[in-house]
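Asks:
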Ligand SMILES: [Zn+2]
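In structure tokens form, the structure reads like this:
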């Protein structure tokens, strides 16, 4: 995590424990201890600590906050690098990203067009998880419909291109 994230965590603790005092030195020390870990993992630990009946009456010690956590670089080794999809916001494994992005943008197009023509959204999860054959069939059907109903020259051109390419 970054230094400003450590500062956020410290502020959160101060917010809950008035007696918790910190200075620049604390921030530096905590950063040294926490920098190798994920912000969200440690945040979750703090929340657990706050809710704990046994320990929650005292501010957590920094060493407690990393107990049992996996360092960021080991998580990447274990799970693979993830990239955030700019359309849906989900984190997707690098290896699956192209496939995801392709489907995700098609689903977005279907959803936008469905809203435009029928005034309602589609079940995005269903379309995201559909197998390729069924999805392509439905996508083609829908594009045919749009092609017959749109007046937008650019869209007609794009769709005609799409059908020639298939
Ligand atoms: Zn996506």
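Numbering (the numbering used here), first residue to last: 7 to 172.
Where is the CB? At the ideal position from N, CA and C, for every residue including glycine.
Apart from the five residues just before and just after residue 12, which ones in its own chain have a Cβ nearer than 7 Å to its Cβ?
Replies: For the purposes of this step, residue 12 is taken as residue 6 along the chain shown, with counting starting at 1. Cβ neighbours of residue 12 beyond the five flanking positions: 33, 36, 37, 40.
Asks: Should residue 78 and residue 44 be called a contact, given that it needs their Cβ atoms to be closer than 8 Å?
Replies: Start at 1 with the first residue of the chain shown, and residue 78 comes out as number 72. Start at 1 with the first residue of the chain shown, and residue 44 comes out as number 38. Yes, the Cβ-Cβ distance between residue 78 and residue 44 is below 8 Å.
Asks: Please name the residue, chosen from 56, 59, 136, 148, that lies closest to residue 120 on a Cα-to-Cα basis.
Replies: For the purposes of this step, residue 120 is taken as residue 114 along the chain shown, with counting starting at 1. Closest by alpha carbon: 148.
Asks: Between residue 96 and ligand 1, is the CB less than 7 Å from at least one heavy atom?
Replies: Within the chain shown, the letter at position 90 stands for residue 96. Yes, since a heavy atom of ligand 1 falls inside the 7 Å radius drawn around the Cβ of residue 96.
Asks: Just to confirm the assignment: which complete alpha helix (DSSP H) runs, minimum length 4, are found wholly within the segment 35-116?
Replies: Counting whole runs of 4 or more residues, the segment 35-116 contains the alpha helix (DSSP H) stretches 45-57, 68-71, 78-85.
Asks: Residues in the same chain with beta-carbon distance under 7 Å from residue 156, minus the five sequence neighbours each way, listed in chain order, please.
Replies: In the chain shown, the residue the question calls residue 156 occupies position 150. Cβ neighbours of residue 156 beyond the five flanking positions: 162.
Asks: Any heavy atom of ligand 1 closer than 7 Å to the CB of residue 89?
Replies: As a working note, residue 89 is residue 83 in the chain shown. No - ligand 1 has no heavy atom lying nearer than 7 Å to the Cβ of residue 89.
Asks: Using the three-state DSSP reduction, which class does residue 3 fall into: helix, strand or coil?
Replies: The chain is shown only over 7 to 172; residue 3 falls outside these bounds and no answer can be derived.
Asks: Using only CA atoms, which one of 25, 48, 99 lies nearest to residue 64?
Replies: In the chain shown, the residue the question calls residue 64 occupies position 58. It is 25 whose Cα lies nearest to the Cα of residue 64.
Asks: Give the C-beta separation of residue 145 and residue 165 to the nearest angstrom, bearing in mind that I take them to be a contact with Cβ-Cβ under 8 Å.
Replies: Along the chain shown, read from residue 1 onward, the residue named residue 145 stands at position 139. Along the chain shown, read from residue 1 onward, the residue named residue 165 stands at position 159. Rounded, the Cβ-Cβ distance is 11 Å, inconsistent with contact.
Asks: Taking the beta carbon of residue 71 as the centre, do at least 16 other beta carbons fall within 10 Å, making it buried, or is it exposed?
Replies: In the chain shown, counting from the first residue as 1, residue 71 sits at position 65. Result: buried.
Asks: Does the beta carbon of residue 58 come closer than 8 Å to any beta carbon on chain D?
Replies: Of the chains in the structure shown, none is chain D; there is only one protein chain.
Asks: Going along the chain, which residues of its own chain have a beta-carbon closer than 8 Å to the beta-carbon of residue 52, five neighbours each way excluded?
Replies: Counting from one through the chain shown, the residue named residue 52 turns up at place 46. Excluding positions up to five away in sequence, the list reads 15, 18, 19, 66, 71.
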